[in-house]
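Structure record follows, encoded as structure tokens.
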Amino acid sequence: MASFQIRGGCSLNGEVRIQGSKNAALPMLAACLLSRGETKLYNCPHITDVYNMIKILENMGCSTVFCGDCLTVDTSGNLSGVISMGDGASMRSSIMLMGAVLGRQKYVSLPWPGGCSIGKRPVDLHLKALEQMNVSIRSDHCGLECTTPYLQGKDICLPIPSVGATENVILAAVLARGTTTIHNAAKEPEIVDLCHFLNEMGAQIHGMGTHRITINGVKQLKSISYTVMPDRIVAGTYFAAAAATGGNILAYPVKEKDLRSVLDVFAAMGCGIIIRRDQLQLIAPPLLLPVESICTRPFPGFPTDMQSQLMACLTAARGTSVICENIFEDRFKIVPQLEKMGAKILVNENKAVIRGGCRLTGSCVSAQDLRGGAALVIAGLMAEGDTRVEGSGYIERGYEDICRDFSQLGAGICRL
Ligand code: EPZ
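The sequence shown runs 3 to 418 under my numbering.
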């Protein structure tokens with residue numbers, strides 16, 4: 003896998019455009035299967051997870067054209083309900099295809115989903131919900147096979163507000179018989195965007211963004227054109243890089259309400275935040291303040307996808323900070339890599355105590371997952387000397403071109 007070479011010690015300054023959201027585009031690509039025709043997704047990011055999803059859709063019989071930021075998916079043909087081993091197993095969001103393919107074909111078989119090494123990432127909530135909706139599921143060590151004579155709307159209570167399970171139930175419910183109500187639904191902005199997309203296709207979804215989402219099943223959906231929301235985690239990552247390097251950047255488009263909890267933390271660390279409609283500017287202080295304790299939570303809490311990037315920033319803060327990871331049990335994999343660069347971090351179960359005041363030194367480190375990889379790039383920008391981040395493929399799963407964007411902001415970074 004390729005790597006990034008980073009020269010540390012320069013601050014990020016300037017303007018940067020934010021790509022379309024990975025975690026909105028992926029469920030929308032699955033949703034294309036619920037109509038027969040040509041769907042156009044604008045502002046679709048050029049990232050590996052999208053390319054993998056395209057491969058899965060094409061293997062099922064769809065045809066696609068990705069021109070500029072517009073991805074066109076034609077689902078008018080007869081499609082297979084089989085997701086081949088090579089593709090589905092390579093990414094987490096393949097599980098999201100279940101609800102959509104069942105909605106269209108009443109049959110789907112797929113491998114157990116792959117994904118980052120940030121935790122076990124079970125899919126029990128997805129399967130339990132679909133079984134409640136009249137789906138019978140057979141599974142073995144290879145994967146899952148699901149069939150239904152018809153999908154039946156039901157009251158689904160999620161024990162945890164799982165993003166993926168909420169999305170899968172929505173995708174299964176839009177063409178089901180009757181009404182589905184999801185209790186304790188996830189409220190992430192990407193789910194709200196997915197629901198707006200589906201409603202424009204003709205679905206009847208209410209309550210998105212709240213803990214109770216209601217879907218009245220309809221007979222069919224039409225293929226439409228739609229613009230994907232900006233990626234709030236990419237924006238947050240770039241703000242973290244600016245904060246960590248004493249920089250001053252303006253990012254657009256960014257929806258301030260999608261990043262409120264992240265911006266509040268940066269403000270508490272001494273950063274100035276200027277909001278002008280869909281442009282957000284972050285001005286870093288000469289020295290970051292520590293955060294007494296930050297816990298990751300489902301939206302609108304602090305997002306787990308920003309936890310590693312914040313950890314990198316806090317290594318240089320003036321004092322000790324504590325991060326508590328409540329979503330994924332294995333998201334501290336990045337700690338030994340930061341320690342190689344001189345960070346002082348103590349991990350105890352789901353808590354990490356970061357001793358600030360460290361001047362990181364350049365080293366050769368390796369990414370273990372998508373957001374941890376982005377955090378190592380931030381650490382490289384902060385460090386004295388040169389850093390090589392191995393495993394850039396992890397980062398390219400979710401970031402269109404972090405090299406291009408950070409170079410544009412004045413960083414010395416290149417892809418080897
Ligand atoms: C989505 O993953 C995102 N991925 C993740 O982003 C994000 O970190 C996560 O939501 C939380 O916000 C996509 O949207 C493609 P969950 P997902 O179901 O759906 C447990 C990134 O970096 N759980 O909300 O897999 C699970 O183990 C990625 O862009 C079950 O126990 O997250 C976790 O502890 C990483 N059983 C918690 O719920 C289930 O059936 C939250 O997971 C499902 C989940």
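Idealized CB from N, CA, C, for every residue including glycine.
Original post:
Quick one, which of 296, 337, 48 and 114 has its alpha-carbon nearest residue 143's?
Top reply: Across the set 296, 337, 48 and 114, the C-alpha of 114 shows the shortest separation from the C-alpha of residue 143.
Subject >> Residue nearest to residue 315 in terms of C-alpha spacing, selected from 201, 385 and 365 >> reply: The shortest C-alpha separation from residue 315 is found at 385.
Original post:
Which residues does DSSP pair with residue 6 in a beta bridge?
Top reply: According to DSSP, residue 6 bridges with 391 and 417.
**OP:** Take residue 34 and list the residues in its own chain whose beta-carbon comes closer than 6 Å to its own, dropping the five residues that flank it on each side.
**Re:** If you ignore the 5 residues before and after residue 34, its C-beta comes within less than 6 Å of the C-beta of 41, 75 and 77, all in its own chain and listed in chain order.
Original post:
residue 218 bridges to which residues according to DSSP?
Top reply: Looking at the DSSP assignment, residue 218 forms a beta bridge with 181 and 206.
Original post:
Taking 8 Å as the cut-off, does the CB of residue 164 come closer than this to any heavy atom belonging to the ligand EPZ?
Top reply: Checking the Cβ of residue 164 against the ligand EPZ gives yes.
Subject >> Touch test, the region 395–403 against the region 369–379, Cβ-Cβ under 8 Å, three pairs minimum >> reply: Touching, yes.
Original post:
In the structure shown, what three-state DSSP assignment does residue 144 receive?
Top reply: Residue state, collapsed to three classes: coil.
Original post:
To the nearest whole angstrom, what separates the beta carbons of residue 349 and residue 367, a pair I think is in contact under 8 Å?
Top reply: Not really, about 17 Å apart at Cβ, beyond 8 Å.
Subject >> Closer than 8 Å: residue 146 CB and nearest the ligand ZN heavy atom >> reply: The ligand ZN is not part of the structure shown, which contains the ligand EPZ as its ligands.
Original post:
Which class does residue 65 belong to by DSSP, given the choice of helix, strand or coil?
Top reply: Residue 65: strand per DSSP, three-state reduction.
Original post:
Rounded to whole angstroms, how far is the Cβ of residue 139 from the Cβ of residue 148, which I believe are closer than 8 Å?
Top reply: That pair is a contact at about 5 Å.
Original post:
Does the distance from the C-beta atom of residue 309 to that of residue 327 stay below 9 Å?
Top reply: Annotated as proximal: residue 309 and residue 327, with beta-carbon spacing under 9 Å.
Original post:
Closest to residue 81 by CA distance: which of 70, 110 and 214 is it?
Top reply: Looking only at 70, 110 and 214, the smallest Cα-Cα distance to residue 81 is reached by 110.
**OP:** Just the C-alpha distance for residue 20 and residue 72, rounded to the nearest angstrom, thanks.
**Re:** One C-alpha to the other measures close to 15 Å.
Subject >> Beta bridge counterpart(s) of residue 247 as assigned by DSSP >> reply: DSSP output for residue 247 lists no bridge partner at all.
Subject >> Beta-carbon proximity of residue 36 to residue 52, cut-off 9 Å >> reply: Not a contact, by the Cβ cut-off of 9 Å.
Original post:
In chain order, what residues of the same chain have a beta carbon less than 7 Å from the beta carbon of residue 405, not counting five sequence neighbours either side?
Top reply: Within the same chain, residue 405 has close Cβ partners 6, 415, 416 and 417.
**OP:** In angstroms with no decimal places, state the Cα-to-Cα distance between residue 215 and residue 383.
**Re:** Between residue 215 and residue 383, the C-alpha separation is close to 42 Å.
**OP:** Measure the alpha-carbon distance for residue 13 versus residue 411 and round it to whole angstroms.
**Re:** Take the alpha-carbon of residue 13 and the one of residue 411: they are about 8 Å apart.
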